[in-house]
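Undergrad: Please see the structure below; I have some questions.
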Amino acid sequence: MPRPELLIIGGGVTGLCAAISAARQGARVTLIDAAVNAGTTANAGSLHVQLQSRFMRLYPEQAPNVEASLPLYLRAVREWDALEASHGPFEMVRKGGLMLAEDAEQLAFLETKARREADKGLDVEILDRAALERIAPWLGPQIIGAELCRDEGKLNPLAANIRLRAVACDLGVSLVRDRITSLSIGSEVQLRGEIDSYRADQVIIAAAWGAGDLVSDLGLSLPSRAEPLHMNITEPAAAGIEHLIQHAERSITLKQLQSGQIVIGGGWPAKSRGNHAVPEVLATSLLGNVALAGRLVPGITGLRVIRTWAGMNTTIDGKTALGRMPGAARVIVAVPGDAGYTLGPLVGRLAAELAGDMPRDVDIAPFSLARFAA
Amino acid sequence: MMSDPLTFSFEGEALSARNGQSLAAALTDAGQRVFRHTGKGSPRGVFCGMGVCQDCLVTVDGQPNQRACMTLARDGVEVRRQIPRPDLENATTAAGKPTDAPAAREMEPDILVIGGGAGGLNAAAVAAAAGASVLVLDERKVAGGQYFKQPAADAPLLDAQQSDGADLLAAAREAGVKLLGGVEIWGAFAGPLLYATAPDDTPLVLRPKQLIVATGAYERPRMVPGWTLPGVMTTGAAQTLWRSYRSLPGKRVAVCGSGPLNLQVALELARGGADVRLAAESAPSPLKRPLSAMALLLAGPTLSLAGSGMLLGLRRAGIPVRYDTELTAIASGPDNTLRATFRRDGKEETLALDALCMNDGFEPQNEILRLLGVDMQYDPAFGQLRCTRSDSLSTSVDGVYAVGDCCGLGGAPAAAAEGRIAGAAAAAACGFTSKENLGSSHRALARARRFQKRLWALHDPAPRTLETLPDNTLICRCEEVTLGQFRSGMADDADHIGAVKRVTRVGMGCCQGRYCGPVAARLVANATGRSLTDHSYFAPRVPIKPVSIGTLMATQEALDAKA
Numbered sequence: 123m124p125r126p127e128l129l130i131i132g133g134g135v136t137g138l139c140a141a142i143s144a145a146r147q148g149a150r151v152t153l154i155d156a157a158v159n160a161g162t163t164a165n166a167g168s169l170h171v172q173l174q175s176r177f178m179r180l181y182p183e184q185a186p187n188v189e190a191s192l193p194l195y196l197r198a199v200r201e202w203d204a205l206e207a208s209h210g211p212f213e214m215v216r217k218g219g220l221m222l223a224e225d226a227e228q229l230a231f232l233e234t235k236a237r238r239e240a241d242k243g244l245d246v247e248i249l250d251r252a253a254l255e256r257i258a259p260w261l262g263p264q265i266i267g268a269e270l271c272r273d274e275g276k277l278n279p280l281a282a283n284i285r286l287r288a289v290a291c292d293l294g295v296s297l298v299r300d301r302i303t304s305l306s307i308g309s310e311v312q313l314r315g316e317i318d319s320y321r322a323d324q325v326i327i328a329a330a331w332g333a334g335d336l337v338s339d340l341g342l343s344l345p346s347r348a349e350p351l352h353m354n355i356t357e358p359a360a361a362g363i364e365h366l367i368q369h370a371e372r373s374i375t376l377k378q379l380q381s382g383q384i385v386i387g388g389g390w391p392a393k394s395r396g397n398h399a400v401p402e403v404l405a406t407s408l409l410g411n412v413a414l415a416g417r418l419v420p421g422i423t424g425l426r427v428i429r430t431w432a433g434m435n436t437t438i439d440g441k442t443a444l445g446r447m448p449g450a451a452r453v454i455v456a457v458p459g460d461a462g463y464t465l466g467p468l469v470g471r472l473a474a475e476l477a478g479d480m481p482r483d484v485d486i487a488p489f490s491l492a493r494f495a496a
Numbered sequence: 240m241m242s243d244p245l246t247f248s249f250e251g252e253a254l255s256a257r258n259g260q261s262l263a264a265a266l267t268d269a270g271q272r273v274f275r276h277t278g279k280g281s282p283r284g285v286f287c288g289m290g291v292c293q294d295c296l297v298t299v300d301g302q303p304n305q306r307a308c309m310t311l312a313r314d315g316v317e318v319r320r321q322i323p324r325p326d327l328e329n330a331t332t333a334a335g336k337p338t339d340a341p342a343a344r345e346m347e348p349d350i351l352v353i354g355g356g357a358g359g360l361n362a363a364a365v366a367a368a369a370g371a372s373v374l375v376l377d378e379r380k381v382a383g384g385q386y387f388k389q390p391a392a393d394a395p396l397l398d399a400q401q402s403d404g405a406d407l408l409a410a411a412r413e414a415g416v417k418l419l420g421g422v423e424i425w426g427a428f429a430g431p432l433l434y435a436t437a438p439d440d441t442p443l444v445l446r447p448k449q450l451i452v453a454t455g456a457y458e459r460p461r462m463v464p465g466w467t468l469p470g471v472m473t474t475g476a477a478q479t480l481w482r483s484y485r486s487l488p489g490k491r492v493a494v495c496g497s498g499p500l501n502l503q504v505a506l507e508l509a510r511g512g513a514d515v516r517l518a519a520e521s522a523p524s525p526l527k528r529p530l531s532a533m534a535l536l537l538a539g540p541t542l543s544l545a546g547s548g549m550l551l552g553l554r555r556a557g558i559p560v561r562y563d564t565e566l567t568a569i570a571s572g573p574d575n576t577l578r579a580t581f582r583r584d585g586k587e588e589t590l591a592l593d594a595l596c597m598n599d600g601f602e603p604q605n606e607i608l609r610l611l612g613v614d615m616q617y618d619p620a621f622g623q624l625r626c627t628r629s630d631s632l633s634t635s636v637d638g639v640y641a642v643g644d645c646c647g648l649g650g651a652p653a654a655a656a657e658g659r660i661a662g663a664a665a666a667a668a669c670g671f672t673s674k675e676n677l678g679s680s681h682r683a684l685a686r687a688r689r690f691q692k693r694l695w696a697l698h699d700p701a702p703r704t705l706e707t708l709p710d711n712t713l714i715c716r717c718e719e720v721t722l723g724q725f726r727s728g729m730a731d732d733a734d735h736i737g738a739v740k741r742v743t744r745v746g747m748g749c750c751q752g753r754y755c756g757p758v759a760a761r762l763v764a765n766a767t768g769r770s771l772t773d774h775s776y777f778a779p780r781v782p783i784k785p786v787s788i789g790t791l792m793a794t795q796e797a798l799d800a801k802a
């Protein structure tokens with residue numbers, strides 16, 4: 123195998139989109155993925171734009187970074203629009219997301235949040251119950267209002283992953299199954315995997331929560347953390363819920379896929395069994411998450427849950443990590459941080475353009491790795 | 240007698256049923272075979288007859304997702320074919336529901352036995368006799384399991400097999416066992432902690448000191464083009480229709496696959512009045528293998544003679560028994576007739592049938608064991624996972640015992656002996672001493688295992704290779720994924736069953752991968768050249784059976800209230 127010009131670690135949506143973009147530039151690309159807790163295999167397909175209340179509550183110290191990144195989220199959903207147009211259909215729907223309030227305090231919180239988000243260019247509006255009634259008559263009677271963020275949406279990640287993988291293959295990207303365990307840098311990058319060793323001119327690390335370990339040997343302390351999360355899916359129902367549903371205070375996402383199935387998630391924990399085994403589903407998360415969904419959208423209570431699963435979310439510091447490694451310019455880190463599926467295609471493309479020294483339509487300076495250098 | 244006539248409606252048409260009949264049986268009696276259509280428009284009806292396949296779903300009095308095979312016909316109910324995608328309920332009417340649900344019951348028996356068949360009932364009876372508090376949960380309203388198949392309501396017992404079952408049930412009750420029927424278990428977590436739903440929708444939260452899993456097996460189908468057509472069902476489903484409800488699956492019937500159940504049911508249906516056109520066994524005739532036949536006779540003279548008697552009975556009834564005979568395809572003919580094609584010695588024959596019964600072996604119902612992390616090993620001879628157990632039938636997980644066919648096929652006599660051994664051991668773990676003669680149970684178990692080994696040497700217990708099957712054969716009933724689609728999914732990314740699942744949607748439907756899972760695991764193993772292990776199968780996931788959001792809400796409310 124001739125030495126690839128670009129080797130990408132991580133076959134999730136970020137890595138795939140980086141590979142597609144680099145291969146389009148004409149680069150010889152190899153994509154390596156370990157296939158356990160990897161490869162975007164567990165995502166539930168929410169396209170997030172507005173500040174997630176879950177994030178603000180759990181990681182208040184990161185909230186300013188998330189807020190500063192809002193324009194990136196806007197660009198990211200437009201990136202998905204473009205991907206859908208050229209490689210879809212991914213069953214994408216961009217009718218917006220509703221963040222629900224059940225009392226005056228929650229509604230006041232949403233009003234403040236909406237003002238700050240509007241300042242960052244988001245298309246948001248506060249709806250009262252009467253306005254909600256017109257677009258979401260299936261909501262529980264206790265919902266007094268909501269923030270509508272028109273930029274949000276949903277897609278079927280299974281459909282998108284299959285298509286993107288096929289596009290990468292068509293462009294000649296070589297897909298390799300291995301887990302990279304270390305990197306060293308000289309006139310080229312040398313990588314050691316569990317199965318084989320590799321060399322490349324440049325490397326993009328799109329390994330989500332696994333990125334921190336890979337770069338620590340190179341002197342960067344990137345605090346990428348794996349966050350095992352719980353998800354549920356029901357049997358199909360007639361189409362009725364167009365929006366992505368969230369809550370001002372409680373952890374939940376709820377959406378209906380084109381199949382008619384309702385996907386319920388939003389950040390309930392699963393139990394980690396180590397980074398190399400699939401996380402374990404917790405009874406408390408299944409019951410709590412689904413019961414909350416049924417309370418907010420009572421019309422789904424007759425449906426049956428047919429499956430649950432758990433996957434890994436990745437958090438850093440509330441902001442994307444994207445740039446060349448300080449002191450090791452052949453290595454590029456591309457980790458979206460929270461909402462990795464939403465941000466992945468944009469972050470991946472920007473990383474590939476960085477590798478190819480191409481002009482970029484987004485200023486990536488705010489996401490520089492310098493903040494993690496010792 | 241099942242004489243009380245009930246009246247119910249199906250799609251607006253008035254039908255009658257006998258007291259205690261399942262909806263599936265009553266509809267079958269009325270000549271109704273199509274219970275619903277899939278999202279892609281394919282007709283479906285009774286298939287597994289035991290609550291596994293989720294294909295006989297109907298709407299009863301407006302409530303969707305009722306399995307016709309598990310639901311009793313009641314006077315005055317309105318039954319409709321289930322539509323593939325029900326409308327979301329109106330929020331205001333639905334909003335009242337969760338609080339209407341009965342409060343959850345928490346139960347902490349010394350010993351919880353899951354499954355009221357040969358293994359579970361024996362385990363329960365022995366443990367209760369030793370003094371332990373024992374609760375048996377069964378998915379069916381009437382316990383007894385697949386082997387003892389008890390008659391519905393007040394029907395008379397059919398034969399010794401049913402009366403033995405009735406005696407065992409009586410003995411368990413006599414010993415103080417508490418039996419709860421119609422219970423659906425949907426969650427199993429470390430502890431062990433189990434969640435279930437009682438027939439009146441009461442959520443159950445179970446924290447036993449010791450757990451005995453005796454969930455049995457379900458039937459391995461013969462996957463050929465057309466195997467999902469209404470009228471095609473497992474041999475066990477047809478047997479349940481007849482033995483429990485006195486309904487025949489159809490007039491013109493054939494039975495096929497491999498194993499002694501097929502021959503037994505062919506004879507039972509014939510005696511019940513069916514016109515059995517063929518009993519097809521894929522293994523060669525025992526006459527061609529006299530040494531194996533002799534070995535079987537020596538290992539179990541009584542059961543062997545019963546088997547010979549069955550063959551004789553079939554001959555007397557004029558039912559052709561054909562060996563080396565394979566089902567190759569099923570098509571639907573005019574007037575709901577099935578046209579089933581069989582191949583023998585390179586020659587094909589097509590029969591016009593009303594019902595085709597298939598049993599190609601068994602798959603263990605090991606969902607609870609796998610969820611609890613019990614160690615399993617793949618048995619290539621039977622093509623299934625076998626649970627690792629000690630001499631006292633304890634598993635690799637503390638406080639969890641496993642008996643019977645859920646651990647890998649062993650047959651009812653072995654399950655019964657295992658049950659008695661496990662019942663005594665679990666009681667001892669709770670501080671109760673059993674007077675059970677364990678020596679005799681261990682000897683019975685050894686005998687039963689010897690017999691099973693020789694019995695299956697005469698049949699074809701290994702799963703079929705799918706290489707010769709055409710690409711249009713469905714392998715996932717629920718998501719309607721064909722073998723061809725699965726093959727191209729593997730070509731794209733064959734590394735693990737989970738990857739192929741995400742690409743093809745195989746196993747994502749309501750039966751939760753119970754039929755396609757074992758097949759998919761073997762196809763991926765063949766493609767990758769890896770041997771099968773527990774990890775080759777779909778990862779075990781809750782819910783064990785589909786569970787309504789309303790039930791989950793009621794369970795959560797009850798737990799909240801307690802906290």
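Protein chains in written order, with the working numbering: chain R, 123 to 496; chain G, 240 to 802.
Note that the Cβ used here is the ideal one computed from N, Cα and C, for glycine as well.
For Cys646/G, name the three-state secondary structure that DSSP assigns.
TA: Numbered from 1 along the second sequence, position 407 holds the residue referred to as residue 646/G. Correct three-state label for Cys646/G: helix.
Undergrad: By the 10 Å Cβ neighbour count, where 16 or more other Cβ atoms means buried, how is Asp339/R classified, buried or exposed?
TA: In the first sequence, the residue the question calls residue 339/R occupies position 217. Exposed, by the Cβ-count rule.
Undergrad: If you scan the segment 240-266 of chain R from start to end, which runs of the beta strand (DSSP E) of 3 or more residues do you find wholly inside it?
TA: Listed in chain order, the complete beta strand (DSSP E) runs (minimum 3 residues) inside the segment 240-266 of chain R are 246-250.
Undergrad: Indicate the three-state DSSP secondary structure (helix, strand or coil) for Gln271/G in the structure shown.
TA: The sequence position of residue 271/G within the second sequence is 32, counting from 1. Coil.
Undergrad: I need the straight-line Cα distance from Ala766/G to Thr430/R, nearest angstrom please.
TA: Locating residue 766/G in the second sequence gives position 527, counting from the first residue. Locating residue 430/R in the first sequence gives position 308, counting from the first residue. Ala766/G and Thr430/R: Cα-Cα distance of roughly 28 angstroms.
Undergrad: Below 7 angstroms on C-beta distance, what does Glu357/R contact in chain G?
TA: Here residue 357/R corresponds to residue number 235 of the first sequence, with the count starting at 1. Residues of chain G passing the Cβ test: Cys749, Pro785.
Undergrad: Please say whether Gly440/R and Val188/R have beta carbons closer to each other than 7 angstroms?
TA: Locating residue 188/R in the first sequence gives position 66, where the first residue counts as 1. Locating residue 440/R in the first sequence gives position 318, where the first residue counts as 1. Yes, the Cβ-Cβ distance between Val188/R and Gly440/R is below 7 angstroms.
Undergrad: Near Ala656/G, what residues of its chain come up, given a Cβ to Cβ distance below 7 angstroms and the 5 sequence neighbours on each side ignored?
TA: By 1-based counting over the second sequence, the position of residue 656/G is 417. Same-chain partners within the cutoff: Ser680, Ala683, Leu684, Ala687.
Undergrad: Just to check my reading of the structure: Ala264/G and Tyr484/G have Cβ atoms closer than 8 angstroms, yes? What is that Cβ distance to the nearest angstrom?
TA: Looking up residue 264/G in the second sequence gives position 25. Looking up residue 484/G in the second sequence gives position 245. With 8 angstroms as the limit, Ala264/G and Tyr484/G qualify as a contact, their Cβ atoms being about 4 angstroms apart.
Undergrad: Under 7 angstroms, Cβ to Cβ, is there at least one residue of chain R near Leu327/G?
TA: The sequence position of residue 327/G within the second sequence is 88, counting from 1. Yes, contact with chain R.
Undergrad: For chain R, find out if any of its Cβ atoms is closer than 7 angstroms to the Cβ of Asp734/G; answer yes or no.
TA: By 1-based counting over the second sequence, the position of residue 734/G is 495. Cβ-Cβ to chain R under 7 angstroms: yes for Asp734/G.
Undergrad: Roughly how many angstroms lie between the CA atoms of Met615/G and Leu196/R, to the nearest whole one?
TA: One-based indexing of the second sequence puts residue 615/G at position 376. One-based indexing of the first sequence puts residue 196/R at position 74. Roughly 49 angstroms separates the two Cα atoms.
Undergrad: Nearest to Ala333/R by CA position, among Arg146/R, Leu128/R, Asp155/R, Lys393/R, is which residue?
TA: Within the first sequence, numbered from 1, the residue matching residue 333/R stands at position 211. Cα-wise, what sits closest to Ala333/R is Asp155/R.
Undergrad: Going by DSSP in three states, Ser770/G sits in which element: helix, strand or coil?
TA: In the second sequence, counting from the first residue as 1, residue 770/G sits at position 531. Reduced to three states, the DSSP call for Ser770/G is coil.
Undergrad: DSSP beta-bridge partners for Leu450/G?
TA: As a working note, residue 450/G is residue 211 in the second sequence. Note: Leu450/G sits in a beta bridge opposite Leu351/G, Val639/G.
Undergrad: Return helix, strand or coil for Cys495/G, following the three-state DSSP convention.
TA: Start at 1 with the first residue of the second sequence, and residue 495/G comes out as number 256. In the structure shown, Cys495/G sits in a strand (DSSP, three-state: E or B).
Undergrad: What is the DSSP secondary structure of Gln751/G, reduced to helix, strand or coil?
TA: Against the second sequence, residue 751/G aligns to sequence position 512. The answer is coil: DSSP assigns Gln751/G none of H, G, I, E or B.
Undergrad: Could you tell me the alpha carbon to alpha carbon distance between Asp460/R and Asp292/R, rounded to whole angstroms?
TA: Here residue 460/R is taken as the residue at index 338 of the first sequence, counted from 1. Here residue 292/R is taken as the residue at index 170 of the first sequence, counted from 1. Rounded to the nearest angstrom, the two C-alpha atoms are 30 angstroms apart.
Undergrad: Near Glu347/G, which residues of its chain fall below 8 angstroms by C-beta distance, leaving aside the five closest residues on each side in sequence?
TA: Within the second sequence, the letter at position 108 stands for residue 347/G. The residues are Leu445, Arg446, Pro447, Lys448.
Undergrad: Taking 7 angstroms as the threshold (beta carbon to beta carbon), is Ile833/G in contact with chain R?
TA: In this structure chain G extends from 240 to 802, so residue 833/G is not present and cannot be described.
Undergrad: Between which two residues does the beta strand (DSSP E) containing Met549/G stretch?
TA: Indexing the second sequence from 1 puts residue 549/G at position 310. Met549/G -> not in any beta strand (DSSP E); alpha helix (DSSP H) instead, spanning 540-555.
Undergrad: Which residues does DSSP list as the beta-bridge partners of Tyr617/G?
TA: For this step, residue 617/G is matched to residue 378 along the second sequence. Note: Tyr617/G sits in a beta bridge opposite Leu624/G.
Undergrad: So Thr163/R contacts chain G; which residues on that side make the cut at Cβ distance below 9 angstroms?
TA: Along the first sequence, read from residue 1 onward, the residue named residue 163/R stands at position 41. Simply Gly737, Ala738, Arg741.
Undergrad: Quick one: does Val151/R have its CB under 7 angstroms from some CB of chain G?
TA: Counted from its first residue, the first sequence places residue 151/R at position 29. By this cut-off, Val151/R is not an interface position.
Undergrad: Does the beta-carbon distance from Val412/R to Leu791/G come in below 7 angstroms?
TA: On the first sequence, residue 412/R is found 290 positions in, with the first residue counted as 1. On the second sequence, residue 791/G is found 552 positions in, with the first residue counted as 1. Yes. Within cutoff.
Undergrad: Could you tell me the boundaries of the beta strand (DSSP E) in which Glu602/G lies?
TA: For the purposes of this step, residue 602/G is identified with residue 363 of the second sequence, where counting begins at 1. It spans 601-603 - the beta strand (DSSP E) in which Glu602/G sits, taken as one unbroken run.
Undergrad: Is there a Cβ of chain G sitting closer than 7 angstroms to that of Thr136/R, yes or no?
TA: Locating residue 136/R in the first sequence gives position 14, counting from the first residue. Answer no: the Cβ-Cβ gap between Thr136/R and chain G never drops below 7 angstroms.
Undergrad: Using only the alpha-carbon positions, how far apart do Gly479/G and Ile322/G sit?
TA: Within the second sequence, numbered from 1, the residue matching residue 479/G stands at position 240. Within the second sequence, numbered from 1, the residue matching residue 322/G stands at position 83. Correcting the residue identity first, residue 479/G is Thr in this sequence and not Gly. The alpha-carbon atoms of Thr479/G and Ile322/G are separated by roughly 26 angstroms.
Undergrad: Between Arg452/R and Asp323/R, which are expected to be in contact by the criterion C-beta below 8 angstroms, what is the C-beta distance as a whole number of angstroms?
TA: As a position in the first sequence, residue 452/R is number 330, starting the count at 1. As a position in the first sequence, residue 323/R is number 201, starting the count at 1. About 7 angstroms; that satisfies the 8 angstroms criterion.
Undergrad: Over the uninterrupted alpha helix (DSSP H) stretch that includes Met792/G, give me the two end residues.
TA: Here the question's residue 792/G lines up with position 553 in the second sequence. Taken as a continuous stretch (DSSP letters only), the alpha helix (DSSP H) holding Met792/G covers 788-801.
Undergrad: Give the DSSP-derived three-state secondary structure of Ala456/G in the structure shown.
TA: The residue labelled residue 456/G in the question sits at position 217 within the second sequence. Strand at Ala456/G.
Undergrad: Any C-beta of chain R sitting closer than 7 angstroms to the C-beta of Thr704/G?
TA: Taking the first residue of the second sequence as 1, we reach residue 704/G at position 465. For Thr704/G, the answer is no, since every Cβ of chain R falls outside 7 angstroms of its Cβ.
Undergrad: With Val318/G as the anchor, note down where its alpha helix (DSSP H) starts and where it stops.
TA: As a first step, residue 318/G must be located in the second sequence, where it is residue number 79. Run containing Val318/G: none in the alpha helix (DSSP H); it sits in the beta strand (DSSP E), 317-320.
Undergrad: Quick one: using the 10 Å Cβ neighbour count with 16 as the cut-off for buried, is Pro337/G buried or exposed?
TA: Taking the second sequence and counting its residues from 1, one reaches residue 337/G at position 98. Here the model assigns Pro337/G a pLDDT of 48, short of 50, so the residue's position is not dependable, and the following value carries that caveat. Label assigned to Pro337/G: buried.
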